[in-house]
Amino acid sequence: MNSTEIRNTAQVDSEQGKSPESKVTVDIERQCAVPLASGAQCPRDLTCTRHGMSAKRAVPGRSAPFDQLLAIYQRDD
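Below you can see the structure in the form of structure tokens.
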């Protein structure tokens with residue numbers, strides 16, 4: 001198998017193996033919800049370490065500022 005064939009195989013595998021995250025409903029009040037490359041939103045909780053605070057603050061549609069939601073989440077948890 002040459003390098004072109006290997007790349008094509010990997011590309012097909014990644015297209016067929018769609019992430020389960022793309023089918024998950026995300027609660028933007030309690031979850032990270034930063035848009036992913038797949039078009040879905042990050043389903044991890046508000047304390048997600050994969051995304052920066054500025055990205056989490058920029059998520060549209062939250063009922064309150066991210067910092068307030070985070071404080072409530074940490075208090076209730």
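According to the UniProt record's numbering, the sequence shown is numbered sequentially starting from 1.
Just so it is clear, CB atoms sit at the ideal spot from N, CA and C, and this is done for glycine as well.
Note that the structure is predicted; figures quoted are calculated from it, not measured.
Could you check how far apart the C-beta atoms of residue i and residue j are, in whole angstroms? I think they sit under 8 Å.
i	j	result
Phe66	Arg57	4 Å
Asp45	Gln31	6 Å
Pro43	Val59	About 13 Å; that fails the 8 Å criterion.
Would you mind stating whether residue i and residue j have Cβ atoms separated by less than 8 Å?
i	j	result
Ser54	Glu29	no
His51	Val34	yes
Whole alpha helix (DSSP H) elements within the stretch 29-76, 4-residue minimum: 53-57, 66-76
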